[in-house]
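Data block below; observations after.
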Amino acid sequence: MAVATATPSAQAAAAGTPAPVRETRSDRIVMICNYTALGLFTLAVLYPLVYVLSASFSDPKNVVSGKVWLWPVGLSTDAYKAIFDYDSIVSGFSNSVVYAIGGALLATALTLLAAYPLSRKGLPGKGVIMALFVFTMMFSGGLIPTYLVVDRLGLMNSRWAIILPGALAVWNMIITRTFFQATIPEELVEAAKVDGCADFGFFWRIVLPLSKPIIAVNLLFYAVAQWNSWFSALIYLTNEHLFPLQLVLRQILIQNNFDPSQVRDTAELIRMTELQQQLKFSLIVIATIPPLLIYPFVQKHFVKGAMVGSLKG
Amino acid sequence: MAIDTLVRRTPTQGAARPAKKKLGLGERLRRHWQLYAMLALPLIWLAIFAYWPMYGAIIAFKDYNVVDGIFGSRWVGFKHFERFVESYQFGRLLKNTLVLYTYELLATFWPPILLALGLNMARRRWYRRSVQLITYAPHFISTVVVVGLIVVLVDPNTGVLNQFLGHFGIGPLDVLNDPSYFRHLYVWSGAWQTMGFSAIIYLAALTSVSPELHEAAIVDGASRLRRIWHIDLPAIRPVAVILLILNIGSIMSGGFEKVLLLQNTLNLQTSEVIDTYVYKLGFASQVPQFSYAAAIGLFRSLIGLVLLVLANTIARRFAKSSLW
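Same order as they appear, the protein sequences are chains H and X.
FYI, the numbering used here numbers position 192 of the first sequence as 192, with every residue one higher than the one before it.
Quick note: to get the numbering used here, add 313 to the position in the second sequence (first position is 1).
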């Protein structure tokens with residue numbers, strides 16, 4: 001590995017802080033404080049997550065009586081089994097998958113289509129179009145007028161009402177545009193033109209293959225946003241078969257709203273009441289896993305994309 | 314994250330390019346028709362889902378009814394605005410909104426900066442990596458789940474918070490239903506969730522600092538703290554100013570979903586903000602009052618816009634970096 005052969009000072013410089021000539025006592029104290037503070041920050045973020053995970057795998061009795069505070073006490077997976085018997089959770093989960101995939105594909109396509117032309121130098125009217133986009137970040141018609149538009153378009157109670165209104169985030173579009181500006185040199189465009197490649201062909205055959213990181217970032221951002229959203233479903237949907245997972249979670253986790261008719265038999269029902277508190281823990285775990293699973297795969301691209309987006313251009 | 318693209322630039326950039334032969338506008342439009350074709354779909358989307366609602370906001374000046382539609386309903390001028398400003402709710406709503414979001418702005422602004430400075434200083438790779446991996450994670454957790462997490466953690470009977478406090482003979486505290494805790498709960502859970510992810514942009518700004526600056530400072534005998542103060546912090550400042558302006562702009566629109574989720578009838582005294590009130594008027598009441606709700610929403614959007622312009626002007630004058 002290249003890192004192993006590098007001198008210590010070069011290694012440190014790569015990390016942003018060159019090794020000091022000699023470390024003074026006060027510097028060493030600062031460093032110790034720094035490591036401690038970082039550790040405390042991290043523990044503060046981590047603790048609630050670990051606790052919920054442990055509680056979800058513990059015996060319900062031990063959770064209620066406060067015996068669980070870090071590790072699971074009295075291993076039990078009943079709470080997880082109960083989840084799969086709860087119909088609306090299962091349907092919510094599959095609906096959310098549909099919304100996340102469909103929403104991410106549509107939104108990423110729109111974002112790329114807007115960002116690429118706006119990244120090109122010398123496009124007449126570019127400034128005006130850009131201003132039209134940016135203005136919507138600062139001012140909007142508001143909740144009620146947007147609702148009336150969706151109603152007017154006849155999208156109520158359809159999957160489109162969940163996917164369409166939020167199908168483009170101007171912020172992502174700006175990041176993508178900056179990425180294009182930084183990675184697609186104007187010379188490349190001109191060379192392609194000389195070779196007889198028009199804009200469509202150039203975009204399809206050269207820009208897109210060069211832009212995998214930013215495409216991955218967009219897909220991830222939109223999919224996670226869609227996976228986590230619930231408010232548009234709350235106002236646009238009344239048909240429970242279309243509800244996304246988050247809306248179902250809201251009913252169970254926050255409104256404490258269990259529907260006994262969803263449970264298949266009475267033995268199950270009794271168990272369910274016992275598991276009520278427990279179910280919340282396992283639900284939190286289940287709902288958190290999908291986005292957390294995707295993100296490490298895209299993180300590499302993401303940090304690169306965000307860096308390029310923020311520093312260049 | 315594309316902060317720098319939003320920052321105003323001096324017009325001298327690009328002047329180095331040789332002046333090309335000027336083409337007529339018609340010729341230039343024709344030459345780029347494929348690019349405009351690409352823009353068509355996003356622009357149609359923008360027109361329908363961003364600008365049509367802005368046009369629809371005129372119902373705030375009308376008595377909207379479903380039969381006549383937006384266009385046909387009767388004009389009533391500023392009636393709904395006057396009604397809102399004169400209502401007994403007005404003072405409390407405005408205060409709750411401003412206090413909550415200002416508190417949020419102040420409390421969530423500095424943790425990412427501290428975290429980024431700390432990470433930038435830390436030299437052990439595995440330590441940096443693990444801190445980053447863990448602190449980013451909450452960003453990907455949904456608002457519903459975060460609120461669900463709060464609900465189970467602070468539960469008066471079974472929550473780990475009250476069991477912990479119980480050891481010291483405190484409580485049990487009914488944190489969720491007590492209006493005096495609402496703001497702290499809202500704001501600090503937000504800081505918990507956003508700290509790691511917001512640090513990324515500051516880290517990016519810090520990695521762009523030239524190592525020679527640090528080396529020179531070390532040769533001159535500068536301590537770590539001095540180098541942070543004189544090298545790292547100035548490097549972060551432009552980004553921090555821009556982010557602050559953006560956050561001020563969203564002060565009147567951000568966080569509404571979490572407020573609605575954390576809200577209940579017992580903590581309304583501090584948790585009712587303009588956005589949740591608009592939601593209730595429009596969707597949770599027996600007779601939806603669309604025009605009145607739209608007027609209040611418009612009022613809020615305008616305050617947000619004014620704050621944004623104000624913040625930008627101040628930043629341009631004093632911090633020498635601004636959004637436009």
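Cβ coordinates follow ideal geometry from the N, Cα and C atoms, glycine included.
Everything numeric in this text was worked out from a predicted model, so none of it was measured.
Within-8 Å CB hit, residue i to chain H
i, result
"Arg537/X", "yes"
"Thr415/X", "no"
"Pro469/X", "no"
"Tyr499/X", "no"
"Leu621/X", "yes"
"Ala363/X", "yes"
"Ala553/X", "no"
"Thr323/X", "Residue placement at Thr323/X is poorly supported in this model, since its pLDDT is 45, which falls under 50; the coordinates are not used for a value here."
"Arg396/X", "no"
"Gln476/X", "yes"
"Thr421/X", "no"
"Leu348/X", "yes"
Terminal residues of the alpha helix (DSSP H) in which residue i lies
i, result
"Ala109/H", "Asp87 to Ser119"
"Trp358/X", "Trp346 to Leu359"
"Gly431/X", "Gln402 to Met434"
"Asn490/X", "First-last for Asn490/X: undefined, no H or E at that position."
"His393/X", "Lys392 to Glu399"
"Pro165/H", "It is not in any alpha helix (DSSP H) - Pro165/H carries neither H nor E in the DSSP assignment."
"Ala606/X", "Phe603 to Phe631"
"Ala131/H", "Lys126 to Met138"
"Glu585/X", "No alpha helix (DSSP H) contains Glu585/X, which DSSP labels as neither H nor E."
"Ser447/X", "The question names Ser, yet the displayed sequence has Ile at residue 447/X. Per DSSP, Ile447/X belongs to the alpha helix (DSSP H) from Arg438 to Tyr449."
"Gln599/X", "First-last for Gln599/X: undefined, no H or E at that position."
"Asn475/X", "Val473 to Gly479"
Rounded separation between residue i and residue j - CA only
i, j, result
"Leu118/H", "Thr108/H", "15 Å"
"Ser26/H", "Leu462/X", "40 Å"
"Ile294/H", "Leu220/H", "8 Å"
"Ala216/H", "Leu113/H", "15 Å"
"Leu356/X", "Ala167/H", "12 Å"
"Leu618/X", "Ser76/H", "53 Å"
"Met138/H", "Arg387/X", "29 Å"
"Trp160/H", "Leu428/X", "40 Å"
"Thr42/H", "Leu148/H", "44 Å"
"Gln347/X", "Lys571/X", "43 Å"
"Ala287/H", "Val224/H", "11 Å"
"Phe603/X", "Tyr377/X", "7 Å"
"Val467/X", "Gly201/H", "57 Å"
"Ile483/X", "Gly472/X", "14 Å"
"Arg396/X", "Ser232/H", "28 Å"
Residue-level contact to chain X via CB, residue i, 8 Å cutoff
i, result
"Ala4/H", "Low local confidence applies: a pLDDT of 38 at Ala4/H is under 50, so the model's placement there is unreliable, with the coordinate-based value given in what follows. Not an interface residue."
"Ala114/H", "yes"
"Tyr236/H", "no"
"Asn34/H", "yes"
"Leu243/H", "It is Phe, not Leu, that sits at residue 243/H in the sequence shown. No, Phe243/H lies away from the interface with chain X (no Cβ there is under 8 Å from its Cβ)."
"Phe297/H", "no"
"Phe57/H", "no"
"Asn218/H", "no"
"Ser310/H", "Since pLDDT at Ser310/H reaches only 48, below the 50 mark, its modelled position is unreliable, and no value is offered."
"Pro213/H", "no"
"Trp230/H", "yes"
"Gln276/H", "no"
"Met1/H", "Interpretation of Met1/H is limited by its pLDDT of 30, a score under 50 that renders its predicted location unreliable; the figure taken from the coordinates is listed afterwards. Taking Cβ atoms only, chain X never reaches closer than 8 Å to Met1/H, which makes this a no."
"Phe41/H", "yes"
"Gln246/H", "yes"
Minimum C-alpha distance to residue i - residue among the options
i, options, result
"Arg640/X", "Arg550/X, Ser521/X and Ser584/X", "This structure does not reach residue 640/X, given that chain X is present from 314 up to 637, and the question cannot be answered."
"Pro424/X", "Val389/X, Phe510/X and Glu525/X", "Phe510/X"
"Phe384/X", "Ile371/X, Arg396/X and Lys392/X", "Ile371/X"
"Phe297/H", "Pro213/H, Gly122/H, Gly66/H and Ala191/H", "Pro213/H"
"Gly503/X", "Ile454/X, Leu538/X and Leu559/X", "Ile454/X"
"Tyr414/X", "Lys593/X, Leu615/X and His497/X", "His497/X"
"Leu210/H", "Thr176/H, Ile89/H, His241/H and Asn95/H", "Thr176/H"
"Leu342/X", "Met173/H, Ala115/H, Lys126/H and Pro290/H", "Lys126/H"
"Gly610/X", "Ala100/H, Gly141/H, Leu38/H and Phe180/H", "Gly141/H"
"Leu489/X", "Gln255/H, Val50/H, Leu105/H and Leu279/H", "Gln255/H"
"Pro485/X", "Asn470/X, Gly595/X, Trp439/X and Tyr364/X", "Asn470/X"
"Ala632/X", "Gln402/X, Pro547/X and Phe569/X", "Pro547/X"
Under 7 Å from the C-beta of residue i: neighbouring residues of chain B
i, result
"Phe133/H", "Included in the structure are the protein chains H and X, with no chain B among them."
* Could I get the ranges of all uninterrupted alpha helix (DSSP H) runs contained in the segment 28 to 90 of chain H, with 4 residues as the minimum, in chain order? => The segment 28 to 90 of chain H contains these whole alpha helix (DSSP H) runs: 60 to 64 and 78 to 84.
* What runs of the alpha helix (DSSP H), each 4 residues or longer, lie entirely inside the segment 217 to 241 of chain H? -> 231 to 236
* Just list the alpha helix (DSSP H) runs in the segment 181 to 215 of chain H, keeping only unbroken ones of 4 residues or longer that don't cross its boundaries, in chain order. => 186 to 194 and 199 to 202
* Asked: Quick one: complete alpha helix (DSSP H) runs, 4+ long, within the segment 513 to 551 of chain X?
  -> 524 to 532 and 537 to 540
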